[in-house]
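Engineer: Once you know that position 152 of the sequence shown is 1026 in our numbering, the rest is easy, because the numbers rise by one and skip nothing.
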Amino acid sequence: MGSSTLPSIRCETHGESDAAYVCKHLVEGSGRGFSFGVNPERPDATCPDAWCDACEARFAEIGEWTDELFAEAAFKTVCEFCYSSIREKNWIQDEEAFEELLHESIDYLNEKQDAIVEEFKLDKHARFDWHQDTGQLVFSSDGKPAVICDVVFVGSVSTRSDTWLWSWANDSLVEGVKARMREVRSHGEEQFFEKLAGAFWPAKPDDGWHMTSIAARLLNAIGAYRTPDDDGFLYMIITRASWAQ
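1) For my contact list, His1084 and Leu975 are in at a C-beta cut-off of 8 Å; report their separation, rounded to the angstrom.
2) Taking the Cβ atom as the reference point for each residue, do Trp1075 and Thr1033 lie within a distance shorter than 8 Å?
3) Which value, in whole angstroms, describes the spacing of the CA atoms of Val991 and Met1110?
4) Let me know the secondary structure DSSP gives Leu943 once reduced to three states.
5) If Arg1054 sits next to Val1025, beta carbons under 8 Å apart, how far is it from one beta carbon to the other, in whole angstroms?
6) What is the rounded straight-line gap between the Cα of Glu890 and the Cα of Thr1101?
7) Counting pairs of beta carbons, one from the stretch 959–966 and one from the stretch 981–1000, are three or more of them closer than 8 Å?
8) Measure the CB-CB distance between Ser904 and Trp925 and report whether it falls below 8 Å.
9) What's the gap between the Cα of Arg1001 and the Cα of Glu993?
10) Run through the DSSP bridge pairs and tell me what Ala893 is partnered with.
11) Under the three-state reduction of DSSP, which class applies to Lys1052: helix, strand or coil?
12) For Thr1113 and Asn1094, I'd like the C-alpha separation in whole angstroms.
13) Beta-carbon within less than 6 Å of Phe972's beta-carbon, same chain only, minus the 5 sequence neighbours each way: which residues are those?
14) Using a Cβ distance threshold of 8 Å, determine whether the stretch 882–897 contacts the stretch 947–957, with at least three qualifying pairs required.
15) Can the beta-carbon of Gly1050 be found less than 8 Å from the beta-carbon of Ser1041?
16) Decide if Asn913 is buried, meaning its Cβ has at least 16 other Cβ atoms within 10 Å, or exposed.
17) Pull up the distance between the alpha-carbon of Leu1108 and that of Ala989, whole angstroms please.
18) Please specify which runs of the alpha helix (DSSP H), each continuous and at least 4 residues long, are wholly inside the stretch 1028–1105, giving them in chain order.
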């Protein structure tokens, strides 16, 4: 899931994966808050180093990560799947506010989706093709392009590992089709919404639609689309659509 240049770890539960580092309080506890640091060299890391609210308060007090503070934090090495579980059990957020955002976003996308399907007959074309280099989703009929959509890739659900991965953390996607998803990540960080701020987490296909709905609302999309692959589904939002000339 991550870059092969990162240190790896073999977990008794999840097998081999990239290593992640969290303070001992996060490993041992729950509901302790979840802070993380962004490495300028890897700003889209799936598992940035993380620590609890108590460690964050000490860091604010001292002003830097001293030897004493590192000793107090006693960082542990965990696999990226354990990291996701640790984040979930410690993250503190306004659940009511997140549910409100989710339901409003689902209503928003449903309305937009009905309109774009009706106008461009997206369910009537013989095939579709998406292209990373152009950032376009093309619907064709009778071997000819019929509708051309500008898209932004939201993320993917793996039906093998049952996980969601935001596009901004997917190294296999080019920058042009995923850059705007960092706006959604920033919103998650500002509002302390774990599923928007975290690169990946346990998920089913419906969760992919939920994240796509939120992305559509935050980025004023006019529709969305899901395409299958051997590993699951890829989700994208549509920002512009037109009939092919």
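Yeah, the Cβ is synthetic: ideal placement off N, Cα and C, and Gly gets one too.
Structural biologist: If we stick to the structure as given:
1) Between Leu975 and His1084 the Cβ distance is about 10 Å, and since that is not below 8 Å, they are no contact.
2) No, they are not a contact pair.
3) Here the C-alpha atom of Val991 lies approximately 15 Å from the C-alpha atom of Met1110.
4) If DSSP states are grouped into helix, strand and coil, Leu943 belongs with the helices.
5) Between Val1025 and Arg1054 the Cβ distance is about 10 Å, and since that is not below 8 Å, they are no contact.
6) Approximately 29 Å between the Cα atoms of the pair.
7) Between the stretch 959–966 and the stretch 981–1000, the count of C-beta pairs closer than 8 Å stays below three; the two stretches do not touch.
8) Pairing Ser904 with Trp925 gives a Cβ-Cβ distance that is not under 8 Å.
9) Rounded to the nearest angstrom, the gap between the Cα atoms of Arg1001 and Glu993 is 17 Å.
10) DSSP lists Cys953 as partners of Ala893.
11) Of the three classes helix, strand and coil, the one that applies to Lys1052 here is coil, per DSSP.
12) Here the C-alpha atom of Thr1113 lies approximately 8 Å from the C-alpha atom of Asn1094.
13) Result list for Phe972: Phe1067, in chain order.
14) Short answer: they touch.
15) Against a cut-off of 8 Å, the Cβ pair of Ser1041 and Gly1050 comes out as no contact.
16) Asn913 should be labelled exposed.
17) Inter-residue distance for Leu1108 and Ala989 is about 22 Å (C-alpha atoms, whole angstroms).
18) Secondary structure remark: continuous alpha helix (DSSP H) runs of at least 4 residues inside the stretch 1028–1105, in chain order: 1055–1065, 1068–1071 and 1079–1092.
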